[in-house]
Amino acid sequence: MRTSTLARCLLALACTAGIASLHAAEFPTLDRAAPLVIGHRGASGYLPEHTLESYRTAIAMGADFIEPDLVSTKDGVLIARHEPVLGGTTNVASLAKFAARKRKAKIDGIEYDDWFASDFTLAEIKELRARERVASRNKRFDNAFEIPTFQEVIDLAKKESARTGRTIGIYPETKHPTWHQQQNLPLERKLVDTLVAAGWTRKTDPVVIQSFEVGNLKQLRTMTAVRLVQLLSCYDNDLKTGNCVYLPNDVDSAPWDFIASGDRRTYADLITPAGLAEIKTYADGVGPWKRQFIGVKAIAFNADGSPRDVNGDGSVNEADGVSRANSNLVADAHAAGLVVHPYTIRTDWPFARDYAGGTGRVGAATSEYQQLFAAGVDGLFTDFTDDAVAARAAYAGDVAYVLEYASDAGAIDGPTRYYRTASGEDVMRLANAAGARVSRTDDVFKAWTRATARADLRPVCRYYDPSTVRHVYSIDPARCSAFAAQLPLVSEGVAFHAVPATNGTCPAGTTPITQWITTVNGVAYERYSADTRVSASPYASATVAFCGAP
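In this note's numbering, the protein residues as written are 12 to 561.
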């Protein structure tokens with residue numbers, strides 16, 4: 012970037028190539044097909060995880076695959092639980108008859124004082140009821156649903172496939188395979204035998220097996236031809252740098268079978284081109300934590316160098332940073348012939364500041380989904396299947412969110428200045444570098460990224476006026492031409508595409524976007540808003556400028 016351009020961007024607080032650069036309708040996946048939506052533990056954002064009701068809801072919402080994590084009972088039956096420990100996801104603690112089963116044991120180096128599935132027969136497991144694991148989520152269905160077996164999950168997927176006319180796949184994870192082997196309850200043979208009985212033995216069958224360990228995937232490769240995925244992880248996202256942190260002998264940083272055998276490699280070694288080439292010898296894909304290729308970096312720091320609580324909510328987390336690419340994992344995996352299925356998108360968790368806002372954070376989640384789609388992921392795990400399916404459809408239709416930011420730096424038309432951008436990472440980085448106080452508003456709207464989605468779309472031009480530190484927009488070709496001839500306005504290309512309004516009216520299925528105008532010292536200042544609650548002051552007039560996506 013040339014110095015003059017950078018200076019102009021810092022002054023404008025908005026330097027972006029425009030929303031049209033975010034993506035095209037074609038998905039950049041390995042096979043160019045639409046990425047899979049994988050119901051993470053079912054529809055776990057709405058119902059207790061790993062229950063038939065949760066899986067059924069995810070299927071109804073449009074999931075392509077449902078994910079049962081597999082652990083073993085005392086009598087060798089595979090059941091769907093996220094961990095062998097039962098205390099956090101069942102009502103076992105409330106049942107006096109099982110009080111004596113609580114004990115201390117280590118799993119992958121971590122000690123638990125809990126109840127373990129390996130101490131219960133299937134008949135006893137069926138006496139338990141599922142409970143919501145996440146404190147902030149819906150508790151209405153606690154104690155209502157049974158713990159399903161793996162076979163019951165398969166039966167559900169087949170039944171729903173027949174009923175809906177679309178193939179519902181299953182995506183089982185072998186949980187703690189080394190630990191299960193130490194309990195004389197190995198998972199691999201039981202898993203493969205169950206799949207064989209279901210008729211699933213080929214790579215084209217609707218099943219993918221995943222694991223964080225390497226040894227059991229290599230063993231499974233000798234036992235079955237179904238697809239295998241190597242899961243990946245790291246200790247944490249470093250808000251100071253936006254990079255993944257890998258620690259020695261840490262179960263989140265390395266496969267447990269590596270640690271147990273003295274192999275000092277971590278998942279960082281597995282995501283190198285050489286590591287991915289090795290994975291390709293026994294697996295068909297990788298399942299990374301999303302922060303292994305898109306990190307989040309704080310936008311401001313305290314005097315001691317620690318990330319600052321920018322939004323003032325009393326907590327320092329991803330909401331105080333912006334997303335940034337931190338590795339070439341997706342491209343390198345595709346070069347090795349591996350698909351990439353990252354985890355986990357959750358609508359109810361904090362989001363980086365460059366993701367669009369929206370009621371219930373749905374808009375923010377949509378922005379994250381679309382960022383992952385643009386990165387080329389071949390599928391993703393989500394707790395909120397409906398949001399993922401909607402975001403995939405929006406991406407395919409070239410629809411994306413247009414964000415509004417407010418700043419009190421260089422304001423002319425009152426205490427606050429508003430502007431629109433589609434590149435939150437750039438605007439936050441540049442605004443912070445300029446020392447500006449800037450925040451995202453709740454006023455977001457959707458628009459099309461290209462003119463190909465529907466015949467009535469028109470480009471909305473954007474010009475920057477360095478003399479007044481403002482942007483002007485228009486969907487009117489004549490007005491755009493006038494901007495082009497008016498110095499010192501500088502073209503910033505097409506901001507997005509929208510539908511023209513006719514006599515202030517928008518076609519059905521579109522959203523009115525209002526242009527608010529105020530004049531200060533003979534200069535007109537604009538604000539574009541989808542929010543009809545915007546105060547008229549200090550704006551003197553308002554008209555429907557164009558129509559955004561629904």
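Glycine residues also receive a C-beta, built at the ideal position from the N, C-alpha and C atoms.
Assuming residue i is part of the alpha helix (DSSP H), what are its boundary residues?
i: Leu281; result: 278 to 281
i: Lys251; result: Note, Lys251: premise wrong, no alpha helix (DSSP H); not H, not E.
i: Gln381; result: 373 to 386
i: Ile310; result: Unbroken run through Ile310: none, as it is neither H nor E.
i: Lys115; result: Looking at the DSSP string, Lys115 is not in any alpha helix (DSSP H); the run it does join, the beta strand (DSSP E), is 114 to 118.
i: Gln192; result: 188 to 193
i: Trp360; result: Careful: Trp360 lies outside any alpha helix (DSSP H) and carries neither H nor E.
How is residue i classed by DSSP in three states: helix, strand or coil?
i: Ala556; result: strand
i: Trp459; result: strand
i: Leu81; result: strand
i: His482; result: strand
i: Asp125; result: strand
i: Phe109; result: helix
i: Leu228; result: helix
i: Val413; result: strand
i: Ile90; result: strand
i: Phe395; result: coil
i: Tyr354; result: strand
i: Leu47; result: strand
i: Val471; result: strand
i: Asp476; result: strand
i: Arg142; result: coil
i: Leu500; result: coil
i: Arg13; result: Here the model assigns Arg13 a pLDDT of 29, short of 50, so the residue's position is not dependable and the matter cannot be decided.
i: Phe76; result: strand
i: Ile290; result: helix
i: Ser55; result: coil
i: Glu184; result: strand
If you follow the beta strand (DSSP E) that residue i is part of, which residue opens it and which one closes it?
i: Tyr536; result: 534 to 540
i: Gly296; result: 296 to 298
i: Thr132; result: That residue, Thr132, is in no beta strand (DSSP E); it is neither H nor E in DSSP.
i: Arg213; result: No beta strand (DSSP E) contains Arg213, which DSSP labels as neither H nor E.
i: Ile179; result: Counting along the chain, Ile179 falls outside any beta strand (DSSP E), and DSSP gives it neither H nor E.
i: Gly332; result: 332 to 336
i: Thr522; result: 522 to 531
i: Leu63; result: Taken as a continuous stretch (DSSP letters only), Leu63 belongs to no beta strand (DSSP E), being part of the alpha helix (DSSP H) at 63 to 71.
i: Val321; result: Note, Val321: premise wrong, no beta strand (DSSP E); not H, not E.
i: Val240; result: 238 to 242
Within its chain, find whatever has a CB closer than 6 Å to the CB of residue i; leave out the 5 residues flanking it on each side and keep chain order.
i: Ala168; result: Ile179, Ile181
i: Leu258; result: Tyr246, Ser264
i: Gln194; result: Ser129
i: Gln221; result: Glu184, Val240, Leu242, Gly298
i: Arg319; result: Ala311, Phe312, Asn313
i: Pro159; result: Leu63, Ala91
Would you please state the rounded distance, in angstroms, between the beta carbons of residue i and residue j? I believe it to be under 8 Å.
i: Gln381; j: Ala401; result: Going by Cβ atoms, the distance from Gln381 to Ala401 rounds to 11 Å, so no, they are not a contact pair.
i: Pro299; j: Val350; result: The pair is not a contact, with the Cβ atoms about 11 Å apart (cut-off 8 Å).
i: Thr100; j: Arg144; result: 5 Å
i: Asp394; j: Leu41; result: Incorrect: roughly 25 Å between the Cβ atoms, too far for contact.
i: Tyr474; j: Leu498; result: About 11 Å separates the two Cβ atoms, so there is no contact after all.
i: Ile49; j: Leu391; result: 7 Å
i: Asn248; j: Val307; result: 6 Å
i: Asp80; j: Lys186; result: 5 Å
How big is the Cα-Cα spacing for residue i and residue j?
i: Glu329; j: Ala512; result: 38 Å
i: Ser338; j: Asp75; result: 28 Å
i: Tyr484; j: Tyr412; result: 16 Å
i: Thr292; j: Leu239; result: 11 Å
i: Val373; j: Glu379; result: 10 Å
i: Lys229; j: Glu184; result: 14 Å
i: Tyr536; j: Ala495; result: 18 Å
i: Glu289; j: Pro266; result: 15 Å
i: Gly296; j: Arg52; result: 19 Å
i: Ser172; j: Ala405; result: 25 Å
i: Lys457; j: Pro518; result: 15 Å
i: Asp197; j: Tyr366; result: As written in the sequence, residue 197 is Pro, which differs from the Asp given in the question. Cα to Cα, Pro197 sits roughly 43 Å from Tyr366.
i: Pro361; j: Ala375; result: 9 Å
i: Val555; j: Pro488; result: 16 Å
i: Leu408; j: Asp398; result: For the record, residue 408 in the displayed sequence is Gly; it is not Leu. Distance between the alpha carbons of Gly408 and Asp398 is about 15 Å.
i: Lys170; j: Thr233; result: 30 Å
i: Lys301; j: Pro353; result: 5 Å
Can you give me the Cβ contacts of residue i inside the same chain, cut-off strictly under 7 Å, excluding the 5 residues immediately before and after it?
i: Asp86; result: Thr132, Leu133
i: Asp268; result: Thr189, Glu224, Val225, Gly226
i: Thr4; result: Lying before the first or after the last residue shown, residue 4 is absent from the chain, which here runs from 12 to 561.
Nearest chain C C-beta to residue i closer than 9 Å, yes or no?
i: Leu500; result: The chain labelled as chain C is not found in the depicted structure, where only one protein chain is given.
For residue i, I'd like the list of residues in its chain whose CB is within less than 8 Å of its CB, leaving aside the five on either flank, ordered along the chain.
i: Gly533; result: none
i: Asp324; result: Ala330
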